Amino acid sequence: MKPFPSFTSKFILDKAYFNECYSESSTLELSAKTFLKSGVLMSFGLIILIFTPVNAYAAWFVVALGILEALSLYYSQPWWVVRQMLSKASNSEVTLTVDEQGVLSESFYHTGRILWQDVTTITETDLGYVLHFKAGKNTGKSYLSKSHLSSDAQSYIKIKMAEIT
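In structure tokens, the structure reads:
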């Protein structure tokens, strides 16, 4: 009986990794539709300010919320990376294992496994793989960087990718 392959690597959760993770797995598109909510908030705040006797502080608060929403969309990647860098897991070592059961990531702060049976699709990007999975009622996605995977591990993931699709 042929043993199942197991591939293990270690890496550090640093700023470069978080930037790569966001840029390769984000689905946010900056379009007019994306900024609709912020535009509505700013417009509503200006209408309250100009046409009603409501306290100006409340109106400016709504305008500021609209501006904050627009800024959070425009600067979503730096904002996300800063939040990750401020987390306790930042700069910690992660052990990544790809085997017949799935993908296991272990660090001092978190241990998680994505089973192959829970993976719905695998998308290959220029720099890695995005695993879309469903665990119970929850769906999620996880990013695996090619720079942390051996060529054998990448081949194994491609085999799994073909099995899933």
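Using the numbering used here, read the sequence shown as starting at 10 and increasing by one per residue.
Glycine residues also receive a C-beta, built at the ideal position from the N, C-alpha and C atoms.
All of these numbers come straight from a predicted model, not from anything done at the bench.
field: residue 135 versus residue 91 - alpha carbon distance
entry: Each residue's alpha carbon lies about 24 Å from the other.
field: Minimum length 4: unbroken alpha helix (DSSP H) runs contained in the region 55–113
entry: 65–83 and 85–95
- request: Inspect the beta-carbon positions of residue 54 and residue 72 and report whether they are closer than 8 Å.
  value: yes
message: For the ligand COA, I want to know if residue 118 counts as a neighbour, meaning its beta carbon is within less than 7 Å of at least one of the ligand's heavy atoms.
response: In the structure on display, the ligand COA does not appear, and there are no ligands present to speak of.
field: Cβ contact check for the region 146–165 and the region 105–113: 3 or more pairs under 8 Å
entry: yes
field: Cβ neighbour criterion (16 or more within 10 Å) applied to residue 142
entry: buried
query: What distance in whole Å lies between the Cβ atoms of residue 94 and residue 19, which are believed to be in contact at a cut-off of 8 Å?
result: With 8 Å as the limit, residue 19 and residue 94 do not qualify as a contact, their Cβ atoms being about 20 Å apart.
- prompt: When the distance is taken between beta carbons, is residue 132 closer than 8 Å to residue 138?
  reply: yes
message: Would residue 101 and residue 116 qualify as a contact pair, given that the criterion is a beta-carbon distance under 8 Å?
response: yes
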